[in-house]
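Numbering (our numbering), first residue to last: 73 to 315.
Glycine included, C-beta positions come from ideal geometry on N, C-alpha and C.
Because the structure is a prediction, the values reported are computed rather than measured.
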């Protein structure tokens, strides 16, 4: 495809979302290495007490925050590039019980333990965030360009949350010799306060001082809006941010 065509633009939009999520994804990759974590999981891993999730095969958790709901049936073209007519661009999603959920794209909130009809146009995979999540995001750059860039720390309130931001040099195996850092972040829902803990560890190219922008989760447009949220200067010592 070419720019301006729906399939090209939808792929580009998802690529850019992946780049924005690199701080989250990279932290999960660090957790895989350090703690044998499982990044992509069947819903039964997280919601074992909800019998409805045990046989769901077309939804999965991506890290602690995201419920991913791929579209697995054709909506635009069938085999042989036959155009489909009258196909509703939605899919039914089951939201596990035990927590509430936020539509990543619209910011709409849903109670868990129910089916919802999610919008599923070509440029928007149904994606939900567990309330009580911390999701670090960055600009649309690759890992090697991320050093020194402002990170956006998105808090989806509703319950307390913990997330550990992992960083290393990004272009070698120095982490195997302990060259990496972690920053523990905790959200106190009753106080509306995000605590950013003291940095642990270091690596040669680490930025000693940096800037975070802390944002309350809403729609994707609100989260990505330039200048949104509260700016926090971080020098490696513990600090707090009230939202």
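Quick check: the Cα distance between residue i and residue j, rounded to an integer number of angstroms?
| i | j | result |
| --- | --- | --- |
| residue 126 | residue 116 | 6 Å |
| residue 244 | residue 278 | 14 Å |
| residue 283 | residue 265 | 17 Å |
| residue 203 | residue 173 | 5 Å |
| residue 334 | residue 193 | This structure gives no information on residue 334, because the portion of the chain shown stretches from 73 to 315. |
| residue 151 | residue 139 | 29 Å |
| residue 306 | residue 313 | 11 Å |
| residue 144 | residue 207 | 26 Å |
| residue 235 | residue 257 | 5 Å |
| residue 260 | residue 285 | 17 Å |
| residue 51 | residue 122 | Absent from the structure is residue 51, since the part of the chain shown begins at 73 and ends at 315. |
| residue 108 | residue 98 | 14 Å |
| residue 153 | residue 146 | 11 Å |
Tell me where the beta strand (DSSP E) around residue i begins and ends.
| i | result |
| --- | --- |
| residue 312 | 311 to 314 |
| residue 288 | 282 to 288 |
| residue 206 | 205 to 209 |
| residue 260 | 252 to 260 |
| residue 128 | From DSSP, residue 128 is part of no beta strand (DSSP E); its letter is neither H nor E. |
| residue 319 | Not covered by the structure: residue 319. The range shown for the chain is 73 to 315. |
| residue 234 | 233 to 240 |
| residue 225 | 223 to 228 |
| residue 274 | 272 to 274 |
| residue 167 | 162 to 167 |
| residue 190 | 186 to 191 |
| residue 213 | First-last for residue 213: undefined, no H or E at that position. |
Quick check on the DSSP output: the alpha helix (DSSP H) that includes residue i runs from which residue to which?
| i | result |
| --- | --- |
| residue 99 | 94 to 107 |
| residue 292 | 292 to 296 |
| residue 118 | 115 to 118 |
Considering only residues of the same chain and omitting the five flanking positions on each side of residue i, which have a CB-CB separation below 7 Å?
| i | result |
| --- | --- |
| residue 290 | 179 |
| residue 188 | 165, 167 and 182 |
| residue 311 | 268 and 304 |
| residue 142 | 130 and 197 |
| residue 270 | 308, 309 and 310 |
| residue 275 | 240, 241, 246, 251, 252 and 253 |
| residue 91 | 212, 213 and 214 |
| residue 104 | 111 |
| residue 205 | 136, 137, 228 and 233 |
If residue i and residue j are in contact, beta carbons under 8 Å, what's the gap, nearest whole angstrom?
| i | j | result |
| --- | --- | --- |
| residue 184 | residue 160 | At roughly 24 Å, the Cβ-Cβ gap does not stay under 8 Å, so residue 184 and residue 160 are not in contact. |
| residue 111 | residue 93 | Rounded, the Cβ-Cβ distance is 12 Å, inconsistent with contact. |
| residue 292 | residue 176 | 6 Å |
| residue 238 | residue 76 | With 8 Å as the limit, residue 238 and residue 76 do not qualify as a contact, their Cβ atoms being about 38 Å apart. |
| residue 201 | residue 137 | 5 Å |
Do you know whose CA, among the options, lies nearest residue i's CA?
| i | options | result |
| --- | --- | --- |
| residue 226 | 122, 81, 96 and 79 | 96 |
| residue 262 | 231, 253 and 190 | 231 |
| residue 280 | 303, 253 and 205 | 253 |
| residue 171 | 229, 286 and 148 | 229 |
| residue 124 | 271, 113 and 186 | 186 |
| residue 223 | 255, 162 and 198 | 255 |
| residue 113 | 294, 88, 273 and 135 | 135 |
| residue 296 | 248, 209, 205 and 146 | 209 |
| residue 233 | 288, 248 and 153 | 288 |
| residue 273 | 260, 248, 154 and 122 | 248 |
Beta-carbon within less than 6 Å of residue i's beta-carbon, same chain only, minus the 5 sequence neighbours each way: which residues are those?
| i | result |
| --- | --- |
| residue 211 | 221 |
| residue 195 | 82 and 85 |
| residue 118 | 133 |
| residue 106 | none |
Once the 5 residues before and after residue i are set aside, which same chain residues still bring their CB inside 8 Å of it?
| i | result |
| --- | --- |
| residue 162 | 189, 190, 191 and 192 |
| residue 88 | 212 |
Can you find a CB in chain B that lies within less than 7 Å of the CB of residue i?
| i | result |
| --- | --- |
| residue 301 | Looking at the structure shown, chain B is missing, and only one protein chain is on hand. |
Can we count residue i as close to the ligand ZN, meaning its CB is less than 6 Å from some heavy atom?
| i | result |
| --- | --- |
| residue 164 | This structure lacks the ligand ZN; in fact it carries no ligand of any kind. |
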